[in-house]
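Laid out in structure tokens, this is it:
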């Protein structure tokens with residue numbers, strides 16, 4: 045199909061497409077300038093990688109907005125791009141757990157003769173779902189036992205060892221904070237804000253003791 049044939053005939057739609065393309069071109073030129081400064085500029089002028097990725101994300105949003113306008117004006121182009129996205133989407137990793145949900149019909153009788161329908165196949169689709177991080181409290185109970193004959197004897201199991209003496213975070217919590225800090229580059233104050241939304245303000249400072257040791261070993 046020729047590119048000219050794919051363009052809409054409505055002047056307002058063409059104007060919107062032109063403005064979207066112009067905005068995308070200007071943003072791409074800005075990204076190229078930032079990339080050149082990042083590659084060839086002085087060290088004080090170089091941009092961090094996060095800022096460059098943020099600029100590229102803005103370009104993707106402009107492109108997506110322009111494509112949405114084109115698809116709304118041209119149904120054939122919308123169907124073509126939808127088929128192309130399905131073809132290039134790929135499959136989700138096989139190691140992820142699968143939770144199957146069967147969406148079946150309510151009546152298994154034929155709507156014409158009311159005979160029993162038999163299954164001839166199925167359509168299967170997958171979507172990516174996520175379970176947000178869940179906070180939970182591990183309660184350790186240590187029963188005490190006493191002898192009725194020997195009143196002074198009290199027996200109790202020793203308390204489990206803790207990574208932080210007297211601290212509330214478990215080993216998993218401390219590991220999660222360390223990975224978020226050093227691998228995901230999530231500052232400590234932002235992590236504290238995330239925990240504070242769940243009402244956790246007393247346990248997080250205890251992690252700083254381990255973080256200070258990890259900083260020396262880093």
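Numbering (the working numbering), first residue to last: 45 to 262. Glycine residues also receive a C-beta, built at the ideal position from the N, C-alpha and C atoms.
Near the ligand NAP: residue i beta-carbon under 8 Å from a heavy atom
| i | result |
| --- | --- |
| residue 67 | Although the ligand NAP was asked about, the structure shown includes no ligands whatsoever. |
Secondary structure of residue i, DSSP reduced to three states
| i | result |
| --- | --- |
| residue 232 | helix |
| residue 72 | helix |
| residue 181 | coil |
| residue 221 | helix |
| residue 216 | helix |
| residue 242 | coil |
| residue 64 | helix |
Residue burial classification, residue i (beta-carbon count within 10 angstroms, cutoff 16)
| i | result |
| --- | --- |
| residue 55 | exposed |
| residue 225 | buried |
| residue 217 | buried |
| residue 221 | buried |
| residue 231 | exposed |
| residue 202 | exposed |
| residue 213 | buried |
Distance, residue j Cα to residue i Cα
| i | j | result |
| --- | --- | --- |
| residue 198 | residue 187 | 10 Å |
| residue 165 | residue 156 | 20 Å |
| residue 144 | residue 179 | 26 Å |
| residue 170 | residue 215 | 34 Å |
| residue 77 | residue 70 | 11 Å |
| residue 142 | residue 185 | 35 Å |
CB-CB length for residue i against residue j, believed under 8 Å
| i | j | result |
| --- | --- | --- |
| residue 161 | residue 168 | Rounded, the Cβ-Cβ distance is 19 Å, inconsistent with contact. |
| residue 51 | residue 58 | 7 Å |
Close Cβ partners of residue i (< 6 Å) along its chain, the five nearest in sequence each way excluded
| i | result |
| --- | --- |
| residue 183 | none |
| residue 147 | none |
Close beta carbons around residue i, own chain, < 8 Å, minus the five adjacent residues each side
| i | result |
| --- | --- |
| residue 242 | 179 |
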